[in-house]
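Structure first, then comments.
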Amino acid sequence: MKKRLRDRDWQDLSAYLDGELSSRERARLEERLASREDLRTALEELRRVRVILRSQPRLRAPRNFTLGPAFASQRVRRQPSRSLSPVFGLVSALASVLFILVVVGESIFGVARPAMAPLQTEIQAKSAQVEMAASPTEVSLQQAQEFTAEQEAAPEMLDQSSQAEVTSQAEAEVFGTLEAPLAGAMEYPAPMAREYDTGAYPPPAAPSPPALAAQAAQQPTPEPTQTASPTSEAIAAAQRAPEQPAMTSETGIVQPRPSFWNTWRIVQFGLLLLAILSGVLAFTWRRKRQ
Amino acid sequence: MGLIDAARQGDLDAFNRLVLAYQDLVYTQAYRMMGDTEAAEDAAQEAFISAYHHLNSYRGGSFRGWLLRIVTNVCYDELRRRKRRPTIPLEPLDAEDEEVESPGWLADMAELPEESAIRAELRRAIQRCLDELPAEFKAMVVLVDIQGLDYQEAAQAARAPVGTVKSRLARARMRLRDCLLAVWELLPSTYRLKNEGYE
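Respectively, the protein sequence lines represent chains A and B. Quick note, the first sequence lines up with residues 746 to 1035 if you use my numbering. Quick note, the second sequence lines up with residues 684 to 882 if you use my numbering.
Written out as structure tokens, the structure is:
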């Protein structure tokens, strides 16, 4: 009875006839052939099939298939598209590199919360100027303007929550508020600024940095020594001046939590999409040409 | 390679010299795939026209493998269009169920006048057996066993991995066993004797 061979057996026997087995596969098959008659029979049958097929000569073409002169004008097609596949590949590679750089850059700058510290130092220095200034109104207004300019000049260094925090702290420095909220700067009420009282407000609340709180507490002290009219003018000026930082704080407060879709995210998404699309187009174009 | 480069530059004469060098190869493939001379001529001509237009897609390697890929694909397309129609009509039978020599068969014999009757019968018998195979298996056994390509070239021509070549070829030969072994005796005796006793 003929034992039914597996497809793999037929494949090995066929490749063995053509000399397409590795030395290890060949040795293993020869070992099996020595012990199994059904394999030897199948091998002989395949060999005869191969012999019959290879006995056939190559046929002669019944006529010539050369192309006429009309084909000389029909030149090779698709030559322009030859350059498109590498172009897409290059675009994909560049987009991928830029994407990686943007992600790395955002990670570096995103971790850079200590970048606030130089600003804080600067704010402290400016608050020290307040103590030494003759006209608190002028210093307040000047400092508010400078601080606003600083915020506008370096938005990339601080995200919006940080800006709100610094803004509120700067306000505590300049105007001396009852409370100087940090991350809760959105809760900083504008009327608080108008409650600027040169002599009677309590020290800042706990969230304030101790240095800022101490200076805020100290801040009103020299001012009572000023004349009465500058004080009232200072109050009026302080009521006006906070508008700029209040606007700034409002700018920071308006977006209390940074949106996921900021500029960097959009750039990242765009680069990623470009890299993927270009890669797919390059692959598809190359397969199509083949 | 010089002819190929010249042809790529637009030299039609260079391309026609390539046609003359490879047309037997291409026609044999087309004939074995299609099973009749008229369809084989059409397929061969279409293959050469396509090769001329797509010369820039040839990137080195076996040029004959590249040409055979084109003609095989042309044949695949035509066979798909004709899949509901038999590729070669069976010989009509007379009242005693004996085969009748039809003019078509005689015409085939006339195609190769130098052939002896036995060789012609062998050729037709082999073609009948090949026509029973699915197109992919038929292409593979023709490429390797009739055209003489090795597995690598056949893989290029069929646009398939070597493993697929191995598998399809083995299955094609396996299916051809019963049909082809019946014509073993038609082989010239010297040929049979030369190939006996390999085990």
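For each residue, glycine too, the CB sits at the ideal point set by N, CA and C.
Residue closest to residue i, alpha-carbon to alpha-carbon, out of the options
i, options, result
"Leu708 of chain B", "B:Arg765, B:Arg851 and B:Gly748", "B:Gly748"
"Glu789 of chain A", "A:Gln801, A:Ala1027 and A:Leu762", "A:Leu762"
"Ile687 of chain B", "B:Tyr759, B:Met857 and B:Gly744", "B:Gly744"
"Leu863 of chain B", "A:Val1025, A:Leu798, A:Val849 and A:Leu1022", "A:Leu798"
"Asn809 of chain A", "B:Arg765, B:Glu815, B:Arg700 and B:Asp694", "B:Arg700"
"Tyr735 of chain B", "B:Ala690, B:Leu852, B:Arg764 and B:Arg765", "B:Ala690"
"Val848 of chain B", "B:Leu826, B:Trp867 and B:Gly693", "B:Leu826"
"Asp861 of chain B", "A:Trp1006, A:Arg792, A:Leu774 and A:Ser768", "A:Arg792"
"Leu832 of chain B", "B:Leu738, B:Lys766 and B:Phe746", "B:Phe746"
"Phe1028 of chain A", "A:Ser830, A:Ser767, A:Asn1007 and A:Thr786", "A:Ser830"
"Val1025 of chain A", "A:Ala815, A:Arg773, A:Val832 and A:Gln801", "A:Val832"
"Glu782 of chain A", "A:Val796, A:Asn1007, A:Thr1008 and A:Arg749", "A:Arg749"
"Ser818 of chain A", "B:Gly693, B:Pro844 and B:Met857", "B:Gly693"
"Gln706 of chain B", "B:Arg858, B:Leu738, B:Asp696 and B:Leu751", "B:Leu751"
"Val824 of chain B", "B:Leu695, B:Arg856, B:Asn739 and B:Gln835", "B:Arg856"
"Ala697 of chain B", "A:Pro802, A:Arg753 and A:Phe816", "A:Phe816"
"Ala806 of chain A", "B:Tyr741, B:Ala704 and B:Arg742", "B:Ala704"
"Phe731 of chain B", "B:Thr755, B:Gly718 and B:Pro844", "B:Thr755"
Length of the line joining the Cα atoms of residue i and residue j
i, j, result
"Glu729 of chain B", "Val702 of chain B", "12 Å"
"Arg854 of chain B", "Trp755 of chain A", "7 Å"
"Met746 of chain A", "Val794 of chain A", "Residue placement at Met746 of chain A cannot be trusted, given a pLDDT of 49 that sits under 50; the coordinates are not used to answer."
"Ala760 of chain A", "Ile829 of chain B", "16 Å"
"Ala865 of chain B", "Ala818 of chain B", "22 Å"
"Val757 of chain B", "Phe1014 of chain A", "44 Å"
"Leu1016 of chain A", "Thr720 of chain B", "57 Å"
"Gly764 of chain A", "Leu869 of chain B", "27 Å"
"Ile753 of chain B", "Asp760 of chain B", "11 Å"
"Ala958 of chain A", "Leu846 of chain A", "Residue placement at Ala958 of chain A is flagged as unreliable, the pLDDT there being 48, under the threshold of 50; the coordinate-derived value follows with that caveat. One C-alpha to the other measures close to 41 Å."
"Tyr710 of chain B", "Leu812 of chain A", "15 Å"
"Ile1021 of chain A", "Ser837 of chain A", "7 Å"
"Lys821 of chain B", "Arg764 of chain B", "17 Å"
"Arg1031 of chain A", "Leu835 of chain A", "13 Å"
"Arg785 of chain A", "Arg751 of chain A", "14 Å"
"Ala772 of chain A", "Ala840 of chain A", "52 Å"
"Ala787 of chain A", "Asp814 of chain B", "23 Å"
"Phe1005 of chain A", "Glu851 of chain A", "13 Å"
"Leu1019 of chain A", "Thr1008 of chain A", "16 Å"
"Tyr834 of chain B", "Lys766 of chain B", "28 Å"
"Pro949 of chain A", "Ser1023 of chain A", "Only weak support exists for where Pro949 of chain A lies, its pLDDT of 44 falling under 50; the value from the coordinates is given anyway. When rounded, the distance between both Cα atoms is 57 Å."
"Val796 of chain A", "Leu738 of chain B", "35 Å"
"Val849 of chain A", "Val1012 of chain A", "13 Å"
"Leu762 of chain B", "Leu816 of chain B", "12 Å"
"Arg858 of chain B", "Ser799 of chain B", "28 Å"
"Trp867 of chain B", "Ser800 of chain A", "11 Å"
"Ser733 of chain B", "Leu695 of chain B", "14 Å"
"Arg851 of chain B", "Pro814 of chain A", "41 Å"
"Pro844 of chain B", "Pro802 of chain A", "27 Å"
"Ser767 of chain A", "Val842 of chain A", "43 Å"
"Phe844 of chain A", "Phe854 of chain A", "15 Å"
"Glu836 of chain B", "Arg1010 of chain A", "50 Å"
Cross-chain neighbours of residue i in chain B, by beta carbon under 7 Å
i, result
"Leu791 of chain A", "Arg856"
"Thr811 of chain A", "Asn699, Val702 and Leu703"
"Glu776 of chain A", "Those do not exist, as Glu776 of chain A stays about 15 Å from chain B at its closest Cβ, beyond 7 Å."
"Ile797 of chain A", "Ile809, Leu863, Val866, Trp867 and Leu870"
"Glu851 of chain A", "In chain order: nothing, as chain B lies at least about 42 Å away."
9 Å Cβ cut-off: residues of chain A touching residue i
i, result
"Ala697 of chain B", "Ordered by position in chain A, no residue passes the 9 Å Cβ test against Ala697 of chain B, which lies about 11 Å from the chain."
"Phe731 of chain B", "Phe810, Thr811 and Leu812"
"Ala727 of chain B", "Ala806 and Phe810"
"Ala837 of chain B", "Going along chain A, no residue has its Cβ under 9 Å from Ala837 of chain B, so there is no contact; the nearest lies around 10 Å."
Within chain A, partners of residue i - CB distance below 8 Å
i, result
"Arg806 of chain B", "Gln801"
"Ile707 of chain B", "The question names Ile, yet the displayed sequence has Asp at residue 707 of chain B. Arg803, Leu804, Arg805 and Ala806, listed in chain order."
Under 7 Å from the C-beta of residue i: neighbouring residues of chain A
i, result
"Thr755 of chain B", "Correct list: empty, because the minimum Cβ distance to chain A is about 15 Å."
"Asp828 of chain B", "Arg795, Leu798 and Arg799"
"Arg860 of chain B", "Glu790 and Val794"
"Ser850 of chain B", "Gln756"
"Tyr741 of chain B", "Neighbours of Tyr741 of chain B on chain A: none; closest Cβ ~10 Å, over 7 Å."
"Ala841 of chain B", "The premise fails here: Ala841 of chain B is roughly 13 Å from chain A at the closest Cβ pair, so nothing lies under 7 Å."
"Tyr735 of chain B", "Leu812 and Phe816"
"Tyr714 of chain B", "Leu804"
Chain-ordered neighbours of residue i on chain B, where CB pairs are closer than 9 Å
i, result
"Pro807 of chain A", "Tyr710, Thr720, Ala723, Glu724 and Glu794"
"Glu770 of chain A", "Result: empty, since nearest Cβ-Cβ is about 11 Å, beyond 9 Å."
"Ala838 of chain A", "Those do not exist, as Ala838 of chain A stays about 22 Å from chain B at its closest Cβ, beyond 9 Å."
"Ala760 of chain A", "Tyr834, Lys849, Leu852 and Ala853"
Counting Cβ pairs, one atom from each stretch, are 3 or more of them under 8 Å apart for the stretch 724-735 of chain B and the stretch 840-856 of chain B?
no
Are the stretch 799-814 of chain B and the stretch 767-786 of chain A in contact at 8 Å, needing three or more beta carbon pairs?
Between the stretch 799-814 of chain B and the stretch 767-786 of chain A there are fewer than three C-beta pairs closer than 8 Å, too few to call the two in contact.
I want to know whether the stretch 710-723 of chain B touches the stretch 810-820 of chain B - three or more CB-CB distances under 8 Å.
Short answer: they touch.
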